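Novice:
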Amino acid sequence: MVASRNAPRSSALHERARAVLAGGVNSPVRAMRAIGRDPLFIARGAGAELVDSDGACYIDYVCSWGALIAGHAHPAVLEAVSAAAALGTTFGAPTEAEVALAEAVAERVPGVEMLRMTSSGTEAAMTAIRIARASTSRERIVKFAGAYHGHSDALLAAAGSGLATAGIPASLGVPPAVAASTIVVPWNDRDALAAATAGADLPAAIIAEPYPANMGLVAPQPGFLEFLRERADACGALLILDEVISGFRVARGGASERSGVSGDLVVLGKVLGGGLPAAAVGGSRALMELLAPVGEVYQAGTLSGNPLAVAAGLATLRLLDAAAYARLESATRALAEGIAAAAGGREVCVSWLPGLLTVFFCASPPRDFAAAARCDTAAFGAWCRALLERGVYPPPSQFEAWFPSLAHTDAQIERTIEAARGAFEAIA
Ligand code: PLP
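Residue 452 in this note's numbering sits at position 378 of the sequence shown, and the numbers go up by one each step.
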């Protein structure tokens, strides 16, 4: 396996891309600016490996940001997608396969009786918020600092530190009035959450990633998920669990199953589409039937429930049996323990759950976004660049999770740990 230091073809493609795509990419983190380098353009993937446009090969831990739990180009997924494509790629009308996928989800995810499918997690989270506002006749939303729920206006708000504050927009173009209805509280902060869910102007919903992975993986403290449920119930708000990352990954039924805490609404994506665009919001019949055409909450999508995405999703869910979850757990454990040991004397903490892992460049595991933000991101960036030189493709930001998949072999995990050791030594 050779990973070229120079990537002349990627550089040329990046140059070409920057003329016609903003920043040369279609989603910001792909630009790799957070680790101080240009993006690699990818030519193909198979199993756990990527090949870039210069022919260099990498063990991939992005796996399309968690969509590919079975790895690249899994034969069962390809076969299902090809078979579906041969029958037509989209109809804008209901199909049997989307019913089968909804049934498969309802059977797995606690509290989900019905779904509405979308093409992206952003749309699904946005729809969950709309349902919550409609069902409670309230406007405010409580979210956690450092949690990501897609890029809709209401959810692009970030907090100052300390106690609950009215959100300020995290992006130009988000009207302050919209962000102001989003209350941002620090993750794992019971007092701030209690304050945000009491008083006169109560929230429509608390939205949370149950195992937040968009500030790096920052686990809930013992009892914190139960406290979310308790506060939502106490103030009459809905609890929206955003399981776009954790769904079908940390357990068959996602975080809801693993933690025993169910949301009123669950947002799903990534694994649900098996590497094609599919996401969904799910919940009880009473809540979901607020949506048009039964109810008066409007939501729609030209490609929602797309036959190819549904076929890929169903094929992927079928691969996820008890043995698959045991493998995901043992592979992630081996990787996490190996990287932690390879760090030598460097202050590094490895947080992990089955199928998820973050290497934090700090002395103790962060408990919230403010702590994660204090990590040594410059050293992290240098380490990631050194990993790429050694044939390992990590998520190029401290505030993301690695996504080990079922395709990662023991030998690839060993090679990754060796590369991690070499990369730590190189930046020492
Ligand atoms: N929610 C979470 C927890 C996510 O991690 C993401 C994307 O990474 C989203 C929502 C948005 O999903 P999408 O990128 O499909 O719009």
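Each residue gets a CB set at the ideal place from its N, CA and C atoms; glycine is no exception.
Predicted model, so just to flag it, every value in this text is computed and none were measured.
Can you tell me whether LEU436 is helix, strand or coil according to DSSP?
Specialist: On the sequence shown, position 362 is the one that residue 436 refers to. Rather than Leu, the amino acid found at residue 436 in this sequence is Cys. The answer is coil: DSSP assigns CYS436 none of H, G, I, E or B.
Novice: If we count the other Cβ atoms within 10 Å of its Cβ and call it buried at 16 or more, is THR406 buried or exposed?
Specialist: On the sequence shown, position 332 is the one that residue 406 refers to. THR406 is buried by the Cβ-count criterion.
Novice: Tell me the DSSP bridge mates of THR210?
Specialist: Here the question's residue 210 lines up with position 136 in the sequence shown. THR210 pairs with nothing; no bridge assigned.
Novice: Alpha carbon to alpha carbon, what distance is there between PHE434 and LEU342?
Specialist: Counted from its first residue, the sequence shown places residue 342 at position 268. Counted from its first residue, the sequence shown places residue 434 at position 360. The straight-line gap from Cα to Cα measures roughly 26 Å.
Novice: Any heavy atom of the ligand PLP closer than 8 Å to the CB of ASP316?
Specialist: One-based indexing of the sequence shown puts residue 316 at position 242. Yes, the ligand PLP has a heavy atom inside 8 Å of this Cβ.
Novice: Give a yes or no on contact between the stretch 465-482 and the stretch 137-156, applying the rule of three or more CB pairs nearer than 8 Å.
Specialist: Counting Cβ pairs under 8 Å, three or more are found: they touch.
Novice: Quick one: any contact between the stretch 405-420 and the stretch 242-253, if contact means 3 or more CB pairs under 8 Å?
Specialist: The stretch 405-420 is not in contact with the stretch 242-253.
Novice: Assuming ALA446 and GLY290 make a contact with CB atoms under 8 Å, what is their CB distance in whole Å?
Specialist: Here residue 446 is taken as the residue at index 372 of the sequence shown, counted from 1. Here residue 290 is taken as the residue at index 216 of the sequence shown, counted from 1. Yes, ALA446 and GLY290 are in contact; Cβ-Cβ is about 5 Å, under 8 Å.
Novice: Just checking my contact of LYS217 with VAL258 at CB under 8 Å: how many whole Å lie between their CB atoms?
Specialist: Locating residue 217 in the sequence shown gives position 143, where the first residue counts as 1. Locating residue 258 in the sequence shown gives position 184, where the first residue counts as 1. The pair is a contact, with the Cβ atoms about 6 Å apart (cut-off 8 Å).
Novice: Is there contact between the stretch 187-197 and the stretch 207-214, where contact requires at least three CB pairs shorter than 8 Å?
Specialist: In short, these stretches do not touch, since the Cβ pair count stays below three.
Novice: Going by C-alpha to C-alpha distance, which of LEU361, VAL345 and TYR372 sits closest to GLY387?
Specialist: Counted from its first residue, the sequence shown places residue 387 at position 313. Closest by alpha carbon: VAL345.
Novice: Curious, which full-length alpha helix (DSSP H) runs of at least 4 residues does the stretch 449-485 contain?
Specialist: If we require 4 residues or more, the alpha helix (DSSP H) runs fully inside the stretch 449-485 come out as 451-463.
Novice: Quick check on the DSSP output: what are the complete beta strand (DSSP E) runs of length 3 or more inside the stretch 239-306, in order along the chain?
Specialist: Segments of the beta strand (DSSP E) lying fully in the stretch 239-306: 256-259 and 279-282.
Novice: So SER85 packs on ASP126, CB below 8 Å; how close in whole Å?
Specialist: One-based indexing of the sequence shown puts residue 85 at position 11. One-based indexing of the sequence shown puts residue 126 at position 52. That belief does not hold up - the Cβ atoms of SER85 and ASP126 are roughly 11 Å apart, past 8 Å.
Novice: Kindly examine the ligand PLP and report whether one of its heavy atoms sits closer than 8 Å to the Cβ of THR376.
Specialist: Taking the first residue of the sequence shown as 1, we reach residue 376 at position 302. Not so, every heavy atom of the ligand PLP lies at least 8 Å from the Cβ.
Novice: So, helix, strand or coil for TYR399, using DSSP?
Specialist: For the purposes of this step, residue 399 is identified with residue 325 of the sequence shown, where counting begins at 1. The answer is helix: DSSP assigns TYR399 an H, G or I state.
Novice: Just to confirm before moving on: does the CB-CB distance between GLY379 and PRO168 stay below 9 Å?
Specialist: Counting from one through the sequence shown, the residue named residue 379 turns up at place 305. Counting from one through the sequence shown, the residue named residue 168 turns up at place 94. Yes, the Cβ-Cβ distance between GLY379 and PRO168 is below 9 Å.
Novice: Within 8 Å: the Cβ of TYR135 and any heavy atom of the ligand PLP?
Specialist: Translated into positions along the sequence shown, residue 135 becomes position 61. Not so, every heavy atom of the ligand PLP lies at least 8 Å from the Cβ.
Novice: At a cut-off of 8 Å, is TYR222 close to the ligand PLP when judged by its beta-carbon and the heavy atoms of the ligand?
Specialist: Within the sequence shown, numbered from 1, the residue matching residue 222 stands at position 148. Checking the Cβ of TYR222 against the ligand PLP gives yes.
Novice: Give the single residue among ALA417, TRP457, VAL335 and PHE322 whose Cα lies nearest to the Cα of ILE314.
Specialist: What you label residue 314 is simply residue 240 of the sequence shown in a count that begins at 1. When each option's Cα is compared against that of ILE314, the closest is VAL335.
Novice: Buried or exposed, going by whether 16 or more other CB atoms sit within 10 Å of the CB of THR192?
Specialist: Locating residue 192 in the sequence shown gives position 118, counting from the first residue. Flag for THR192 reads buried.
Novice: With distance defined between alpha-carbon atoms, name the residue in ALA120, ALA176 and ALA416 nearest to HIS146.
Specialist: On the sequence shown, position 72 is the one that residue 146 refers to. Cα-wise, what sits closest to HIS146 is ALA120.
Novice: Report whether the distance from the Cβ of GLY343 to the nearest heavy atom of the ligand PLP is below 8 Å.
Specialist: If you number the sequence shown from 1, residue 343 lands on position 269. Correct: GLY343 has its Cβ closer than 8 Å to the ligand PLP.
Novice: So what does PHE218 bridge to, in DSSP terms?
Specialist: For the purposes of this step, residue 218 is taken as the residue at position 144 of the sequence shown. Paired residues: VAL259.
Novice: Which of the three DSSP states, helix, strand or coil, is assigned to SER425?
Specialist: For the purposes of this step, residue 425 is taken as residue 351 along the sequence shown, with counting starting at 1. Strand.
Novice: Report the CB separation of ILE133 from THR490 in whole angstroms; it is logged as a contact under 8 Å.
Specialist: Locating residue 133 in the sequence shown gives position 59, counting from the first residue. Locating residue 490 in the sequence shown gives position 416, counting from the first residue. So it is a contact: roughly 6 Å between Cβ atoms.
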